[in-house]
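Protein chains: 2
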Amino acid sequence: MALQKLDGLELPAAADMHVHLRDGAMTELVTPMIRQGGVNMVYVMPNLVPPITTVRHAFDYQRRLQEIEPNVTFLMSLYLHPSITPEIVRKAKHGGVTGIKSYPHGVTTHSDQGVMSYEEFYPVFEEMEREDMVLNIHGELPPSAGEDITVLSAEEAFLPTFLDLHRRFPKLRIILEHCTSAAAIEAVKSCGPTVAATITAHHLFMIVDDWAGDPHCFCKPVAKLPSDRRALLKAAVSGDSRFFLGTDSAPHPAISKRADKYAAGVFTQPHAVGLVIDALEQGIDTGVLKADEVTEEKLERFLCINGRTFYGVEDDRKEKIVLRKSSSTIENILTSKDGSVEVVPFKRGKLTWGVEWR
Amino acid sequence: MALQKLDGLELPAAADMHVHLRDGAMTELVTPMIRQGGVNMVYVMPNLVPPITTVRHAFDYQRRLQEIEPNVTFLMSLYLHPSITPEIVRKAKHGGVTGIKSYPHGVTTHSDQGVMSYEEFYPVFEEMEREDMVLNIHGELPPSAGEDITVLSAEEAFLPTFLDLHRRFPKLRIILEHCTSAAAIEAVKSCGPTVAATITAHHLFMIVDDWAGDPHCFCKPVAKLPSDRRALLKAAVSGDSRFFLGTDSAPHPAISKRADKYAAGVFTQPHAVGLVIDALEQGIDTGVLKADEVTEEKLERFLCINGRTFYGVEDDRKEKIVLRKSSSTIENILTSKDGSVEVVPFKRGKLTWGVEWR
């Protein structure tokens, strides 16, 4: 109970700037859990099958999400793909799409249509810069990029490409999504104010040992070393406007996790805010953070303010949440209404901080 | 087919100096597969439940194994444990037990009774040195040894302890089992002739990316970086008498692999020799090895001679095997006669080199 002082703390509703809400029965299951996690605004990933590459597809999807949960703001994105042209960028911007997500080819779930090389997209990035759209980057090199690229080095090996993009398009707002390494944190800090990074709840908890033998802790990018986790924890409570929550909550059917070859993704949506507080407590308990580093102001920046400020959006609902210490037990399994989909949440069965809506 | 020249090559029967043959129905299933892999002598691990800590238990187990497969020589070991005294060492030696295996506490399958500190065993090691018994070491520090110990660093972090043991007991024959890192290979090379290391077939194939998302490729110690795999491949074909095959073939029921938290162990027994040849071919195909580094003499040393020489044993059967290029398909699943146990082998469904008995 290293953060007992936060019990009863009132904060603005959190923004989760990286979520996977999937399609079909899975969408019906996970979308209502956004608010349970203390969140009323999400940035929605476009890696459906097929990926979202048109404005129309983005808005059809947004409408479905809003029907399920009218009390969440869904910021929409397109999937960077050869069919995305400068003209589509303009149409997307004027149609209200917020950003475009780039996946490296073949690195994670539904990234088989991802990017091999950025050069062909320079005209798209120029237009995005002009239209002030956000470029979201999954920052890993694919294994094909070199014989020493592994799941452990893929993010750090991508950083020169990332820094090069920032140099070429200094006014383009770029987010290094779900950053997992001390090197990535340093790279983002070295950039100007148009660059930011999201940090997940689960990467604040985990190292490589946690996903060794546990499919529910396996995601891409993988959790790395204790030194990397320390850097993430420190960034999360730094107050630095370039770091904010993006859970990368990524539900997979339990059956595709208990498998001979299993899917990458950790599901944290129903306890997004609670898990962040749990992780900070673990950070204090293990001597990485000091209790007085975790202040109301720093928490508010990481969970509520920095993401909205970077995206230039506000919470029109002006809602508040209240933190409740270790008051929730994480579900062991979550089942869709029609029974067709089951999902195992991260830290199933464990106590977590709860969130009440004021 | 980088090693086509090996097709039809006759070699002495291989020795597999690190096998897990388990208990009950699993033993019935896997023990008959030793010879299928081209092996007629194995060194049997003692991590049953409860572990083998008495000479009687070792010989009861050996008798069961011989009943199942009379045409294999089973070299037996005890589990290093507080109940092992210098007197038991003498009894074991005179009773025909070959060695004693040390597990670090809590690192792998059935290691909950493993060693926390070596000092208490110095009198045991002295007696083993005197009696010329072999000490087999699972060389990893447990996570409790330091905040930066991970599954990736645990072996390298153990090496100072390993080197210290060799310094204290220079005549004690010590084997660093299933070594997985370039650092471990270098450490073994720096020691005198009483020190050796086993190398598995699967670690000649894999890196961290292979077990990320695949329970059947997950074992302890985990497969590490491409640079580590390169060092293992080079050691395997070096001809150096300190390196030899120990598959660490470790069957687990398929149900405990397709699980929310799954067991560590890779099952390679039925294709032990074939998989080594496959791995060397992959090493040539990826430019790590040159085809002319893989000679009959080097193969014979790694598979057949070095292990027996280190243990001071011979193949009384004087059997020969013949290699057959890519002539076997690895089973997708193996089921015990009574249907109670299923095991998924490494590289299921893939073509592998076959072995015929001459």
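In the order they appear, the protein sequences are chains A and B.
Using full-length UniProt numbering, the first residue of the first sequence is number 1, and each one after it goes up by one.
Using full-length UniProt numbering, the first residue of the second sequence is number 1, and each one after it goes up by one.
Where is the CB? At the ideal position from N, CA and C, for every residue including glycine.
What you are looking at is a predicted structure, and each value in this text was computed from that prediction instead of being measured.
Collapsing the DSSP output to three states places B:H18 in a strand. The C-alpha of B:P253 is placed about 41 Å away from the C-alpha of A:Y79.
In chain order, D23 place their CB closer than 6 Å to the CB of A:L48, counting only its own chain and leaving out the 5 sequence neighbours on each side. Following the DSSP letters along the chain, one finds B:G99 in no alpha helix (DSSP H) but inside the beta strand (DSSP E) bounded by residues G99 to S102. In this structure the segment 25-33 of chain A does not touch the segment 317-328 of chain A; the number of beta carbon pairs closer than 8 Å is below three. Straight through space, the alpha carbons of B:F169 and B:E126 are spaced by roughly 7 Å. Counting the other Cβ atoms within 10 Å of the Cβ of B:N332 gives fewer than 16, which makes it exposed. Under the three-state reduction of DSSP, A:P12 is assigned to strand.
In chain order, L225, P226 and S227 make up the part of chain B whose C-beta sits under 8 Å from the C-beta of A:D148. Measuring C-alpha to C-alpha distances from B:E140 to each of B:E155, B:T54 and B:M133 identifies B:E155 as the nearest.
Going by beta carbons, B:L289 and B:L303 fall outside the 8 Å limit. Secondary structure of A:R317 (DSSP, three-state): coil.
As DSSP reads the structure, A:W357 sits in a beta bridge with A:I321. Spatial neighbours of B:A187 in its own chain (CB-CB distance under 8 Å, excluding positions within 5 residues in sequence) are listed in chain order as L159, F162, L163 and L176.
Annotated as proximal: A:V273 and A:V39, with beta-carbon spacing under 8 Å. Neighbourhood of A:L280 in chain B, by CB distance below 7 Å: empty, with the nearest CB roughly 17 Å away. Beta-bridge pairing by DSSP links A:E342 to A:T335. In this structure, A:T268 keeps its C-beta atom at 8 Å or more from the C-beta atom of A:S256. Closest in alpha carbon position to A:K261, among B:P104, B:G96, B:V344 and B:V124, is B:V344. A:F218 has a beta carbon lying within less than 8 Å of a beta carbon in chain B.
For B:M33, there is no enclosing beta strand (DSSP E); the residue is part of the alpha helix (DSSP H) that begins and ends at M33 to Q36. Assignment of B:M1 by DSSP, reduced to helix, strand and coil, places it in the coil class. Annotation: A:T27 is outside any beta strand (DSSP E); the continuous alpha helix (DSSP H) that includes it extends over G24 to V30.
If you draw a straight line from the Cα of A:S227 to the Cα of B:D148, it comes to about 7 Å.
Here A:L21 has T27, V30, T31, V44 and L65 as same chain residues with Cβ atoms under 7 Å from its own Cβ, once five neighbours each way along the sequence are excluded. Chain B has a Cβ within less than 8 Å of the Cβ of A:A212.
Chain-order list of chain A residues neighbouring B:A231: empty, with the shortest C-beta distance near 13 Å, by a criterion of under 8 Å.
For A:I52, the secondary structure class from DSSP, reduced to helix, strand or coil, is coil. Close to A:A264, with beta-carbon spacing below 9 Å, are these residues of chain B in chain order: A212 and G213. Within the segment 123-151 of chain A, complete beta strand (DSSP E) segments of at least 3 residues are found at 134-137, given in chain order. Residue state for A:L176 is assigned as strand, using DSSP reduced to three classes. By the rule that beta-carbons nearer than 8 Å mark a contact, A:D260 touches chain B. Here the alpha carbon of A:M128 sits roughly 8 Å from the alpha carbon of A:G99. Distance check between A:M1 and each of A:R348, A:T286 and A:E319 places A:T286 closest, using alpha-carbon atoms only. Below the 8 Å Cβ cutoff, chain B contributes no neighbours of A:L334, its closest Cβ being approximately 14 Å away. Listed by position along chain B, the residues whose Cβ is nearer than 7 Å to that of A:P253 form an empty set, because the closest Cβ is around 13 Å away.
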